[in-house]
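Structure first, then comments.
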Amino acid sequence: MVFTLRLVEYFYPPKCIFCGEIVEAGNNKYSCGECERFLRPYISTGLMRPTDKFEKLVCLWKYEGMVKESLKKYKFNDKAGYYRAFSIGLYEKLKQAGLEKIDGVLSVPLHKSRKTERGYNQSFLISRMLSGKMKVPEMSRLLIRVRNTESQSLLSQKGRSENMKGAFRVSNPFKIRGKNILLVDDVVTTGNTLNECTKMLKDAGAGKIYAAVVASARER
Ligand SMILES: [Zn+2]
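Numbering follows numbering that gives the first Met the number 0, with no gaps: position 160 of the sequence shown is 159.
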């Protein structure tokens, strides 16, 4: 296994997701030393917004500068392979977050039409890798998007929260009941999407819901 990985890295050396420089293989590295100096980790105050329904937010970086660029490329420019870098980073952060036992990982679902457009759900690729690393089931099929929503960025705060209502449904509440779940998305802006998903999971009887995102545009 290790040998196969080395061989793959020999032919396809890992590159920095921010600048494209080749990075030293074998260290789970995804960015070069130069870019690392400019990365701003997300420092959690541990405080949630009063409207937050999830227990805790685990986040890797602030949503700005080269992080923002890399996430845009990930989503819109066919850089699906970035999911590895994001998952490795997020996994390290999760280990330090002191969460209770997690029973499953699931991602914020995309509407079918968007998935077809893009070919993949960017959050699902991350939740799948995280579930593998954490050795817990990937449960994304249990939360489905039943309604496509308008682009959140065009709406007011109140409109955004209304826009999300009824957008998701739990397909099998029996499998959610009593489970502590890690809910994964790529970016959090207002938190409305994560909150609506959390609400549906809690209504279905879930235990604790922890949110994990690659980057946050929120101050807390
Ligand atoms: Zn770099």
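We put the CB at the ideal spot given by N, CA and C, even for glycine.
Which stretch, first to last residue, makes up the beta strand (DSSP E) that contains S215?
Here the beta strand (DSSP E) through S215 covers 208-215.
Quick one: what does DSSP say V135 is sitting in, helix, strand or coil?
V135 falls in the coil class under three-state DSSP.
Any chance the CB of F75 is under 6 Å from a heavy atom of ligand 2?
In terms of ligand content, the structure shown lacks ligand 2 and carries ligand 1 instead.
Straight-line Cα distance separating D202 from D184:
20 Å
The alpha helix (DSSP H) with L193 in it runs from where to where?
191-202
Can you tell me which residues form a DSSP beta bridge with S106?
V183
Restricting to Cα atoms, I'd like to know which of G204, I16, P49 is closest to R168.
G204
Where do the N-terminal and C-terminal ends of the beta strand (DSSP E) with F167 fall, by residue?
167-169
Is any heavy atom of ligand 1 found at a distance shorter than 6 Å from the C-beta of E20?
yes
At a cut-off of 6 Å, is F37 close to ligand 1 when judged by its beta-carbon and the heavy atoms of the ligand?
no
Within this structure, are the beta carbons of K174 and G206 separated by less than 7 Å?
no
Can you list, in chain order, the stretches of the beta strand (DSSP E) that have 3 or more residues and sit fully within the segment 36-98?
55-61
Select from E54, T50, E116 the residue whose C-alpha is nearest the C-alpha of K157.
T50
Spell out the partners DSSP gives K14 in its beta bridges.
I21
Distance between K28 and S106 (C-alpha atoms, nearest Å):
Going from the Cα of S106 to the Cα of K28 covers about 24 Å.
Compare the beta carbon distance of F53 and I180 with 7 Å and say whether it is the shorter of the two.
no
Reduced DSSP category for R176 - H, G, I as helix; E, B as strand; rest coil
coil
Could you give the distance in angstroms between the alpha-carbon of V213 and the alpha-carbon of Y11?
24 Å
Neighbour flag for N191 against chain C, beta carbons, 7 Å:
Looking for chain C here will not work: only one protein chain is present.
So the beta strand (DSSP E) R144 belongs to, where does it begin and stop?
142-144
Straight-line Cα distance separating R217 from N191
12 Å
Using CA coordinates, which residue listed in A79, G19, K67 is at the minimum distance from P40?
K67
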